[in-house]
Amino acid sequence: MTTIFRLDASIRAQGSVTRAVADTLQGELIARLGQASVVARDIGLSPLPAHAWAGAVFAPHVPAEQRSVEQKEGLALGTLLADELLNADAYVFALPFYNFGVSQHFKAYVDILLTEPRFAPGQPQLIGGRPAHLIIARGGGYGPGTPRHGWDHGTAWYQRVLGDILGLDLATTEVELTLADTNPAMEGLRGLAAENLAQGHAHASQSAGVLAQRLQG
Ligand SMILES: Cc1cc2nc3c(=O)[nH]c(=O)nc-3n(C[C@H](O)[C@H](O)[C@H](O)COP(=O)(O)O)c2cc1C
Numbered sequence: 001m002t003t004i005f006r007l008d009a010s011i012r013a014q015g016s017v018t019r020a021v022a023d024t025l026q027g028e029l030i031a032r033l034g035q036a037s038v039v040a041r042d043i044g045l046s047p048l049p050a051h052a053w054a055g056a057v058f059a060p061h062v063p064a065e066q067r068s069v070e071q072k073e074g075l076a077l078g079t080l081l082a083d084e085l086l087n088a089d090a091y092v093f094a095l096p097f098y099n100f101g102v103s104q105h106f107k108a109y110v111d112i113l114l115t116e117p118r119f120a121p122g123q124p125q126l127i128g129g130r131p132a133h134l135i136i137a138r139g140g141g142y143g144p145g146t147p148r149h150g151w152d153h154g155t156a157w158y159q160r161v162l163g164d165i166l167g168l169d170l171a172t173t174e175v176e177l178t179l180a181d182t183n184p185a186m187e188g189l190r191g192l193a194a195e196n197l198a199q200g201h202a203h204a205s206q207s208a209g210v211l212a213q214r215l216q217g
C-alpha cells in the first residue's frame, strides 16, 4: 500500500489555506489510489522542541553515557523524522509564509532532519526522485508589478530544501492574497483572492491525478 507523508506547518487549526488545499490534494489522491496510508506530522500545532536541534548537533560529540536529556531527545527526534521520510512513497508539505519568510517550525524541522546521519549534507539523497508536492499560502501578493515584488523570501527556500537538498521530485501549488477577506485594506482584492484560491484547489486536485498515475505506474 502507498504511504503518503503529510506535513502541516500552519499555526492555524481553523481557516488554514495550506491545510485546506492539502486536504484537497490528499483526498483526491486517496480516491484515485483506492487506498493509502497517511503518516501525518503537524509541526504547526505540535511544534518540535526548540532545544532539540542543538541537542542533536552536539550529541554525537559526547560519549553516549554523558549525553544530556536534550541531546538524547534531539538524537531520537532526528531518527524518528528521518524514518518517517524514508518509509513514505510520496510527500505533501503544507507550508505557510510568515513575516516575509519561512515557518520557523519548518526551519527547525529541517535543521533537526539534517543532523541525522542518513540525511546529512553530502550523503546520497535516500529519498531523491520520489514525488512530492509543496503547498504554500501567502497573505499578500508578490508577483511582478506588485509593491512587494521581491519580498517573498520563503518560497525559494522551501523549494531549495525539498527539491535540491532532499532531491524530491517537487511540484508546487501557490495561493496568494489569503488575507484579503479579513484585511480591510485588501477589500478590493477579494474577487482576485477567491479566484486564486479556487485555482489553488483545482491545481492541487489536478496534481493529485498526475501523482496517482505515477504511483500506480
Ligand atoms: C504571524 C503571521 C505572520 C504573517 N506574515 C505574513 C507576511 O509577512 N506576508 C504575507 O503575505 N502574509 C503573512 N501572513 C499571512 C499568511 O501567509 C497567510 O495567512 C497564509 O494563508 C498562512 O497559511 P495558512 O492559511 O495555512 O495558515 C502572516 C500570518 C501570520 C499568522
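First residue of the sequence shown: 1, per UniProt numbering; consecutive thereafter.
Yeah, the Cβ is synthetic: ideal placement off N, Cα and C, and Gly gets one too.
As the structure is a computational prediction, the values presented were derived from the model and not from experiment.
Heavy atoms of ligand 1 versus C-beta positions, residues under 5 Å: Environment of ligand 1, chain-ordered: SER10, ARG12, SER16, VAL17, THR18, PRO96, PHE97, TYR98, ASN99, PHE100, ALA137, ARG138, GLY139, GLY140, THR178, taking every residue with Cβ within less than 5 Å of a heavy atom.
Which runs of the alpha helix (DSSP H) at least 4 residues long sit entirely within the stretch 93 to 131? Give them in chain order. Taken in chain order, the unbroken stretches of alpha helix (DSSP H) that lie wholly in the stretch 93 to 131 and span 4 residues or more are 104 to 113.
Within its chain, find whatever has a CB closer than 6 Å to the CB of ALA137; leave out the 5 residues flanking it on each side and keep chain order. Around ALA137: VAL17, THR18, PRO96, VAL175, THR178.
Is GLU65 near GLY55, with beta carbons less than 8 Å apart? Taking 8 Å as the cut-off, the beta carbon of GLU65 is found no closer than this to the beta carbon of GLY55.
Can you name the start and end residues of the alpha helix (DSSP H) that ILE30 belongs to? Where ILE30 is concerned, the enclosing alpha helix (DSSP H) stretches over 17 to 33.
Using the Cα positions of GLY74 and LEU80, report the straight-line distance between them to the nearest angstrom. So the two alpha carbons sit approximately 10 Å from each other.
Taking only three categories from DSSP, how would you classify GLY79? According to the sequence shown, residue 79 is Thr rather than Gly. Per DSSP, reduced to three states, the secondary structure at THR79 is helical.
Candidates PHE5, ARG6, THR24: which alpha carbon is nearest GLN206's? Distance from the Cα of GLN206 is smallest, within the candidate group PHE5, ARG6, THR24, for THR24.
Below 6 Å CB to CB, which residues in the same chain sit around THR115 once its five sequence neighbours on both sides are set aside? Only ALA56, VAL57, GLY78 meet the Cβ criterion.
Can you tell which of ALA13, TYR109, ALA40, PRO124 has its C-alpha closest to the C-alpha of GLY167? Each of ALA13, TYR109, ALA40, PRO124 was checked against the Cα of GLY167, and the nearest Cα belongs to PRO124.
Touch test, the stretch 29 to 47 against the stretch 8 to 16, Cβ-Cβ under 8 Å, three pairs minimum: Yes, they touch.
Buried or exposed for ARG148, going by 16 or more other Cβ atoms inside 10 Å? It counts as exposed.
The alpha helix (DSSP H) with THR155 in it runs from where to where? Element bounds for THR155: 155 to 159.
With 16 other CB atoms within 10 Å as the buried threshold, where does VAL92 fall? Buried.
Where does the unbroken beta strand (DSSP E) through ALA40 begin, and where does it stop? Following the DSSP letters along the chain, one finds ALA40 inside the beta strand (DSSP E) bounded by residues 37 to 42.
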